[in-house]
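Here the structure is laid out as structure tokens; the discussion comes afterwards.
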Ligand SMILES: N[C@@H](CCC(=O)N[C@@H](CS)C(=O)NCC(=O)O)C(=O)O
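Residue numbers (the numbering used here): 842 to 1049.
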């Protein structure tokens, strides 16, 4: 039986879509990308897929699923349940979940919002995004000192969930130089054999 085609609705510069694409690549699953820029996301057809109007959305056969972290869990449970991406042992499973929360919480409200302000003109509180970024990056840097990956001694979905917006933090004016353990971890994720980068945007010039 041929495998149903997986469609990922996203855009090239969405870190939320990028993390899902990394999982599709990690699992070696065939997929196609359906571009969903802002005007498409406002359409009735797209709202039928996700009433929140957000990307990413995954379609796999009859299944339509929104939310990047939920999609990552689905893909691993459905296609690679015995893999190390989402371990079953209670402590590691909880650690992965913790980093999902950080990805959707501090990483979203820090580096991701800072990038949206700097690159896409989002009207939001840049000082707050900077404060949250510094707090989460300091925390990650301490956590990663002496560790290779976020939730286990091998890569898990936690790393893929947090990677994109941390790697692209400088595009929001958030420097990564003060965080050597974070930079080493980013390099480790980038060295994974399936890794595909998200296109870089220009780094904003900081006022002197
Ligand atoms: N919790 C969602 C957040 C997704 C999200 O914020 N997507 C952005 C693009 S990166 C979006 O579609 N924004 C449009 C909007 O919120 O109206 C997830 O993890 O998928």
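Ideal Cβ positions, reconstructed from N, Cα and C, are used throughout, including at glycine.
Counting C-beta atoms within 10 angstroms of its own C-beta, residue 948 has 16 or more neighbours from the protein chains shown and is therefore classed as buried.
Residue 916 is a Cβ neighbour of residue 899, given a cutoff of 9 Å.
Rounded to the nearest whole angstrom, the C-alpha separation of residue 952 and residue 857 is 13 Å. In the same chain as residue 1021, and ignoring 5 residues on each side of it, the C-beta atoms closer than 8 Å to its own belong to 982, in chain order.
Secondary structure note for residue 1006: its alpha helix (DSSP H) is the uninterrupted segment 998-1008.
If you draw a 10 Å sphere on the C-beta of residue 941, you find 16 or more other C-beta atoms in it, and that means buried. Residue 995 sits exposed, since fewer than 16 C-beta atoms from the chains shown fall within 10 Å of its C-beta.
Annotated three-state conformation of residue 1018 is coil, per DSSP. Taking every protein chain shown into account, the CB of residue 851 has 16 or more other CB atoms within 10 angstroms, so this residue is buried. Looking at the DSSP output, residue 847 bridges to 872, 901.
If you ignore the 5 residues before and after residue 913, its C-beta comes within less than 7 Å of the C-beta of 860, 861, 864, 998, 1001, 1002, all in its own chain and listed in chain order.
By DSSP's assignment, residue 879 forms no beta bridge with any residue.
Per DSSP, residue 852 is not a residue of any alpha helix (DSSP H), being assigned neither H nor E. If only uninterrupted beta strand (DSSP E) runs of at least 3 residues are considered, none is enclosed by the stretch 947-977.
At least one heavy atom of ligand 1 sits closer than 8 Å to the Cβ of residue 896. Counted as a single uninterrupted DSSP element, the alpha helix (DSSP H) harbouring residue 910 occupies residues 909-920.
Of all alpha-carbon atoms in 849, 985, 961, the one lying nearest the alpha-carbon of residue 1024 is that of 985. In this structure, residue 893 has its CB closer than 8 Å to one or more heavy atoms of ligand 1. Rounded to whole angstroms, the gap between the alpha carbons of residue 890 and residue 987 is 42 Å. Of all alpha-carbon atoms in 1015, 895, 905, the one lying nearest the alpha-carbon of residue 958 is that of 1015.
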